[in-house]
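Q: Top line first, the protein sequences correspond to chains A and B.
Read in order, the letters of the first sequence are residues 236 to 353 in this note's numbering.
Read in order, the letters of the second sequence are residues 581 to 692 in this note's numbering.
Just so it is clear, CB atoms sit at the ideal spot from N, CA and C, and this is done for glycine as well.
What follows is a structure written as structure tokens; I'll ask about it next.
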Amino acid sequence: EVQLVESGGGLVQPGGSLRLSCAASGFSFTTYAFNWVRQAPGKGLEWVSYIGSGGAPIFYADSVKGRFTISRDTAKNSLYLQMNSLRAEDSAVYYCARDRGTRPFDSWGQGTLVTVSS
Amino acid sequence: DVVLTQTPLSSPVTLGQPASISCRSSQSLVHSDGNTYLNWLQQRPGQPPRLLIYMVSNRISGVPDRFSGSGAGTDFTLKISRVEADDVGVYYCLQATHFPPYSFGQGTKLEI
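Below you can see the structure in the form of structure tokens.
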């Protein structure tokens, strides 16, 4: 069974940092690219970042470029999102989602909530 | 960047009746390879989204055949032939033709 489990969310002050993790199981991790997608409370979906199956290419939404860093660890079957210089508008549920090329976002985790507030 | 505009934003429906959601793109979603990478996702209340349809009209395994996708160029439609209670939620279109970035529509809330 395909499973994606996010962790690392929480309450952080503006300007602070958080590192999100997404543990993958039930499939060949190295075969797939991944995305981070976020959803502010009561709002729609916003794509955040993409990483290719081999760690490249990497892309970011303009709203997070220069502040967020996506990475992956094949040995741990895990995806990461390092978030720095956090702002109130970064508050959202963050989902990791598998990318199968012609079938992007074919599996999703349950999400982890990030709240940026003083 | 591509902007996807969904209509309606909210759709009251009757169980057993059809429903239709439109997604219009600010530019053609025909890729240089000839394919059209327009997808549909469903998000039930309190759940993460799930992919329903990829490349305009291809249902993901396990998606009931009452869901169908159609369209071309800039205009696309998700149709539910007979709405069931389980279909309540928010539906999003997503384009991958002009990636990066991926673009989602703003979502259409389907409510009974």
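1) How long is the line joining the alpha carbons of E664/B and T347/A, rounded to whole angstroms?
2) In chain B, which residues lie less than 9 Å from P339/A when you measure between Cβ atoms?
3) Please work out which residues of its chain come closer than 8 Å, Cβ to Cβ, to G336/A, disregarding the five sequence neighbours upstream and downstream, and give them in chain order.
4) Using a Cβ-Cβ cutoff of less than 7 Å, which residues in the same chain neighbour S606/B once the five nearest sequence positions on both sides are dropped?
5) For chain A, is any of its Cβ atoms less than 8 Å away from the one on Q686/B?
6) Interface residues of chain A around I640/B at Cβ under 8 Å?
7) State the DSSP-derived secondary structure class of E324/A, mapped to helix, strand or coil.
8) Can you give, in chain order, each stretch of the beta strand (DSSP E) that sits fully within the stretch 601-657 of chain B and has at least 3 residues?
9) Around the Cβ of N638/B, are there at least 16 other Cβ atoms within 10 angstroms (buried) or fewer (exposed)?
10) Who are the neighbours of P628/B on chain A, taking C-beta pairs under 7 Å?
11) A296/A versus chain B: which residues are under 7 Å apart at the beta carbon?
12) With P592/B as the anchor, note down where its beta strand (DSSP E) starts and where it stops.
13) Could you tell me how far apart the beta carbons of S284/A and I305/A are, in whole angstroms, since I believe they sit closer than 8 Å?
14) Whose C-beta lies closer than 7 Å to the C-beta of D341/A among residues of the same chain, with five residues either side of it excluded?
15) Grouping DSSP H, G and I as helix and E and B as strand, with all else coil, what is D334/A?
16) Check the Cβ of G279/A against every Cβ in chain B and list those closer than 9 Å, keeping chain order.
17) What residue does the beta strand (DSSP E) around T266/A start on, and which one ends it?
18) From the DSSP output, in three-state form, read off A665/B for me.
19) Specify the secondary structure class of A599/B as computed by DSSP and reduced to three states.
A: Inspection of the coordinates gives the following:
1) In a straight line, the C-alpha of E664/B is about 29 Å away from that of T347/A.
2) Y617, N619, L631, Y634, L674, A676, F679 and Y682
3) A268
4) Counting only Cβ-Cβ distances below 7 Å, and skipping sequence neighbours, we find V582 and V583.
5) For Q686/B, the nearest CB of chain A lies under 8 Å from its own CB, placing it at the interface with that chain.
6) R338 and D341
7) Under the three-state reduction of DSSP output, E324/A falls in the helix class.
8) 618-623, 630-634 and 647-652
9) exposed
10) Y330, W343, G344, Q345 and G346
11) P681
12) S590 to P592
13) 4 Å
14) Taking D341/A as the centre and dropping the five residues before and after it, the same chain places the C-beta of R333 and R335 closer than 7 Å to its C-beta, in chain order.
15) Reduced to three states, the DSSP call for D334/A is strand.
16) V670, Y672, F684, G685, Q686 and G687
17) From DSSP, T266/A is part of no beta strand (DSSP E); its letter is neither H nor E.
18) helix
19) strand
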